[in-house]
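> Residues in the sequence shown are numbered consecutively from 58, following our numbering.
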Amino acid sequence: MTRSKKPASSRGPQSAPARIYFADIAYESAEPDRTLPAKFKRMLEKLALEKRVKEKSVTIKMHLGGHLGYTTIHPLFVRLLVEALKTAGAKDLKVMDNSAKTAFMRGYTHEVLGCPVIPCFGQSGRYYYREPIGFRGLDEALLSGEALDSDFFIDLAHLKGHGDCGFGGAIKNIAMGIVPSETRRKIHGLEGGLVYDADKCIFCLKCHRACPNGAITINREKKKIGFFFHNCTYCQHCVLACPKKAIRMENRRFEDFSRGLALVTSAFLKKFAPENLLFINFLMNITIFCDCWGMSTPSLVPDIGILAAEDITAIETASLDLIKTENLLPNGLPKDRKLSKGKGHLFERIHGKDPYLMVRYLEEIYGGTRVYKRIEVK
58 MTRSKKPASS RGPQSAPARI YFADIAYESA EPDRTLPAKF KRMLEKLALE
108 KRVKEKSVTI KMHLGGHLGY TTIHPLFVRL LVEALKTAGA KDLKVMDNSA
158 KTAFMRGYTH EVLGCPVIPC FGQSGRYYYR EPIGFRGLDE ALLSGEALDS
208 DFFIDLAHLK GHGDCGFGGA IKNIAMGIVP SETRRKIHGL EGGLVYDADK
258 CIFCLKCHRA CPNGAITINR EKKKIGFFFH NCTYCQHCVL ACPKKAIRME
308 NRRFEDFSRG LALVTSAFLK KFAPENLLFI NFLMNITIFC DCWGMSTPSL
358 VPDIGILAAE DITAIETASL DLIKTENLLP NGLPKDRKLS KGKGHLFERI
408 HGKDPYLMVR YLEEIYGGTR VYKRIEVK
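#1: Going by Cα to Cα distance, which pick from 211, 267, 116, 258 is closest to residue 123?
#2: How many Å lie between residue 139 and residue 152 at the Cα?
#3: Cβ of residue 106 within 7 Å of Cβ of residue 141?
#4: DSSP has residue 215 in a bridge; who is on the other side?
#5: Here's the rule: buried if 16 or more other CB atoms are within 10 angstroms of the residue's CB, otherwise exposed. What is residue 116?
#6: Which whole-angstrom value is the C-beta distance of residue 384 and residue 364, which I expect to be below 8 Å?
#7: So residue 292 packs on residue 221, CB below 8 Å; how close in whole Å?
#8: Output the boundary residues of the beta strand (DSSP E) element that contains residue 368.
#9: Around the C-beta of residue 156, are 16 or more other C-beta atoms found within 10 angstroms, so that it is buried, or is it exposed?
#10: Starting from residue 110 and walking both ways along the alpha helix (DSSP H), at which residues does that stretch end?
#11: To test your reading of the DSSP string, which unbroken alpha helix (DSSP H) runs of 4 or more residues are found completely within the region 110-169?
#12: What are the start and end residues of the beta strand (DSSP E) that includes residue 181?
#13: Between residue 272 and residue 75, is the Cβ-Cβ spacing less than 7 Å?
#14: With which residues is residue 198 paired in a DSSP beta bridge?
#15: Assuming residue 121 and residue 228 are in contact, meaning their beta carbons sit under 8 Å apart, how far apart are those beta carbons, in whole angstroms?
#16: Which term fits residue 435, buried or exposed, when burial requires 16 or more other beta carbons within 10 angstroms of its beta carbon?
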């Protein structure tokens, strides 16, 4: 289905710095009103939600995690957001993610959050709209019908490192979060293809256990693995899990992958007027890998706080700027990983990929600005 309900819009270049609201996790005294949830409530008040969402249907897109993961955004903060939106007059509120069917296992339920928790593509799993992209193998993107049918969209993102993207935040929450596996496969395919070296394989099957999509087949007789590419999204969990580097990516094109993320994000955001978009980034439990791994590891850096803005380009830039190499915690990296030498962002020194690249591409394609003014919420 091709969707044209709303005219395409773009933020365009911004002449003035974007306003970024920041709730610092640091507190002045041991009082509940000085802690982060209370600051978050005051941040939401500053966002003038009533003017933004009154009588509008609202979708909150977030990552609800999986399996043994526990470092996603705490349900308390989601409930505070839902309560603020209800008070502001929002209607048809819903929280949305691909992992909605198992979200109750991690505390994300209607009863806890105060609104329904739904899959991105409806109960059928096939409710989406087709949007032409036209970049290499990414001919089109399938975008969540549930999200696009809303009047107002909130990108509620948990920032963390990512082996493919360099980092996951507001951009990835859209580009990989509101598309089905068919589109994720095409986006990941921009980075290259998988190569398996059977001579290096010790048949430990860590790759099979790490694959979230059932895309790795097992030949126990020959003690070899294979790939069922219909299910494969090229997420590279298998590459990272293999202790002998028997699986690798060939023709690495991180630049194309980053541009693909920006193109899909831009295509989705242009379906909304800028005043019907809000971006909130949580800089807490900042781990080395994405929440989609279904596990949680120690934080790379101490918790920082929460950012909110109307400009996705600015909020991603501000989020990355707050994460500094000198704050790296000893247990944040696995014992077999070390930072690369030289300069660069912490995520780049871990994953070898410039995390700012997709942000620069989004600024070029969609608009917004990487120049911002941070306003602290006391």
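For each residue, glycine too, the CB sits at the ideal point set by N, CA and C.
All of these numbers come straight from a predicted model, not from anything done at the bench.
With the given structure in hand:
#1: For residue 123, the nearest C-alpha among the options comes from 267.
#2: Distance between the alpha carbons of residue 139 and residue 152 is about 9 Å.
#3: Taking 7 Å as the Cβ cut-off, residue 106 and residue 141 qualify as a contacting pair.
#4: Within the DSSP secondary-structure output, residue 215 pairs in a beta bridge with 339.
#5: Classification for residue 116: buried.
#6: Contact doesn't hold; Cβ gap of about 17 Å is too wide.
#7: Contact annotation, residue 292 with residue 221: C-beta distance approximately 7 Å; criterion of less than 8 Å satisfied.
#8: Segment: none, residue 368 is in no beta strand (DSSP E) and carries neither H nor E.
#9: Classification for residue 156: buried.
#10: DSSP places residue 110 inside the alpha helix (DSSP H), whose first and last residues are 106-110.
#11: The alpha helix (DSSP H) runs lying completely inside the region 110-169 and spanning 4 residues or more are 132-144, given in chain order.
#12: Residue 181 -> no beta strand (DSSP E), and no H or E assigned at all.
#13: It is not a contact, given that the beta carbons lie outside the stated cut-off.
#14: Answer by DSSP bridge pairing, in chain order: 188.
#15: About 18 Å separates the beta carbons of residue 121 and residue 228, which is beyond the 8 Å limit, so they are not a contact pair.
#16: Around the beta carbon of residue 435, fewer than 16 other beta carbons lie within 10 angstroms, which makes this residue exposed.
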